[in-house]
Every structure is written in C-alpha cells, then in structure tokens.
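Asks:
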Amino acid sequence: MARKNQTYRRVLYALFTAIIIIQNFVPFLGYIPVGPLNLTIIHVTVIIAALTLGPGGGAVVGGIWGVITFVRAFVWPTSPLAAIVFVNPLVSVLPRILIGVVAGYVFKWLADKFRQRYLAMGIAAVLGSLTNTILVLGQIYFFYNGHSQALYQVDVHALLPYLLGVVGANGVPEAIFAGLAAPLIAKPLLNRGYKG
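First residue of the sequence shown: 1, per full-length UniProt numbering; consecutive thereafter.
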C-alpha cells in the first residue's frame with residue numbers, strides 16, 4: 001500500500017509539473033491578458049497540488065511555477081510589466097511557493113473541523129489564491145513604489161489605489177474561480193488514492 005501511495009504521489013508531481021509548464025507556454029491556458037496585467041489561472045493547479053499532495057507538495061509545484069515565472073521575466077515575459085517586476089525572486093517565486101503552503105495547511109486544519117471536505121477545499125483554495133495576489137501586489141508596492149510612474153504610468157500617490165483596483169479586478173475573480181474549480185478536481189484525486 002505504501003509503495004502504491006508513493007507511485008501515485010510521483011505521478012501527481014509529474015502531472016502537475018507538466019500542466020504548469022503547458023499553462024506557462026501555451027497562450028490563454030495559464031494567463032489571460034487583461035490590459036497591462038494578466039488574469040492568472042495557474043494558481044489553481046498549485047492549489048490542487050496542495051490539496052492532494054499536502055503543503056509540501058503544493059510548495060514544490062508552486063516553486064516550479066515561480067522559477068518558470070522568474071526565468072520568463074528575462075527571456076519571454078508575459079507582459080511589459082513582468083519583465084521589470086518578476087526579475088525579483090521575492091515577487092516571482094516566494095508567493096507561488098506560499099500558495100501551496102497556505103492552501104495545504106488551511107485544508108489540513110479545516111478538514112478536521114468540517115465534515116464537508118468540499119467546503120474545506122473551497123476555503124483553502126480561496127485563501128491560497130489571495131495569498132498570491134496579496135503577496136505579489138504588496139511586494140510590488142513595497143519594492144517598486146518609487147518607480148510607479150515608469151512601470152504603470154500611474155502617479156506615485158495613486159499606486160496604492162491602482163493596486164487595490166487590481167485586487168478587485170483580478171484577485172477577487174481569481175480567488176472565486178479557485179474556490180470553485182480546485183475542489184472539483186482535487187476531491188476525485190483524493191478519493192482515488194493518495195490521502196495528503
């Protein structure tokens with residue numbers, strides 16, 4: 001049984017890694033352009049990994065996405081803004097890792113509290129998604145506040161309202177989508193074999 005579980009875990013790692021790579025390089029499968037930013041759906045893959053493989057597995061899959069984001073910022077950025085912002089690994093890699101950590105631990109904690117696993121997964125997915133949004137945009141504000149005129153064509157004093165607008169326009173829909181989609185995919189994967 002332990003060997004079967006280990007094999008299932010390896011298959012899931014390979015599957016999630018392949019999906020992350022495809023989502024990063026096939027247009028509209030991972031990033032949907034909306035103005036100067038991109039609506040991201042790759043975080044859902046990381047959250048599903050966290051729900052099925054646990055916080056460590058989610059962190060690994062999130063780290064893979066982060067490293068791809070970091071490398072792409074130099075060679076093939078998803079937007080003009082990405083070429084400036086995502087060359088900082090604290091912005092490109094760390095939030096992606098923490099998606100998996102937060103979603104995985106929140107799910108573990110809530111799974112003990114709620115009898116309804118789907119609800120626990122949904123809440124964990126929303127919080128994982130918001131972790132990415134808040135950390136990326138928060139660090140953009142922290143690191144690039146003085147450069148906002150060049151980066152966003154936004155007055156320095158208007159940067160915070162601009163980023164809060166991005167949270168509303170991108171972050172909230174991404175979180176809602178994650179909360180609905182991730183449990184639909186993760187629950188059958190958990191029922192199939194591996195138990196976090």
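Heads up, the beta-carbon is just placed ideally off N, CA and C, and yes, glycines get one too.
If you're wondering where the values come from, they're calculated on a predicted model, not measured in any experiment.
#1: Per DSSP, which residues does residue 98 bridge with? Please list them.
#2: Helix, strand or coil, according to DSSP, for residue 93 in the structure here?
#3: Quick one: what's residue 32 bridged to in DSSP?
#4: Which one of 59, 57 and 84 has the shortest CA to CA distance from residue 70?
#5: What is the rounded straight-line gap between the Cα of residue 11 and the Cα of residue 79?
#6: Closest by CA to residue 54, which one among 143, 106, 185 and 19?
#7: Could you give the DSSP three-state label for residue 86: helix, strand or coil?
#8: Please return the same chain residues whose Cβ sits closer than 7 Å to the Cβ of residue 130, not counting the five positions on each side in sequence.
#9: Short check: CB of residue 16 to CB of residue 45, under 7 Å?
#10: Please report the straight-line C-alpha distance between residue 27 and residue 18, rounded to a whole angstrom.
#11: So for residue 116, helix, strand or coil by DSSP?
#12: Compute the Euclidean distance between the alpha carbons of residue 72 and residue 169, then round it to the nearest angstrom.
#13: Would you grab the beta carbon distance between residue 100 and residue 125 for me? Rounded to a whole angstrom, and I think it's under 8 Å.
#14: Whole angstroms are fine: how far does the CA of residue 57 sit from the CA of residue 7?
#15: By the 10 Å Cβ neighbour count, where 16 or more other Cβ atoms means buried, how is residue 195 classified, buried or exposed?
#16: Quick one: using the 10 Å Cβ neighbour count with 16 as the cut-off for buried, is residue 191 buried or exposed?
#17: So which of 22, 63 and 34 has the shortest CA-CA distance to residue 165?
#18: Measure the C-alpha to C-alpha separation of residue 67 and residue 112 and round it to an integer number of angstroms.
Replies: Looking at the atomic coordinates:
#1: For residue 98, which the question treats as bridged, DSSP gives no partner whatsoever.
#2: Residue 93 falls in the coil class under three-state DSSP.
#3: Residue pairing by DSSP places residue 32 opposite 39 in a beta bridge.
#4: 84
#5: Roughly 32 Å between the two C-alpha positions.
#6: Cα-wise, what sits closest to residue 54 is 106.
#7: For residue 86, the three-state secondary structure derived from DSSP is coil.
#8: 171 and 175
#9: yes
#10: 15 Å
#11: coil
#12: 24 Å
#13: With a Cβ gap of about 11 Å, residue 100 and residue 125 do not count as contacting.
#14: 14 Å
#15: Because the pLDDT at residue 195 is just 47, under 50, the model does not fix this residue reliably, and the point stays unresolved.
#16: Residue 191 comes out exposed.
#17: 34
#18: If I take the Cα positions, the gap works out to 33 Å.
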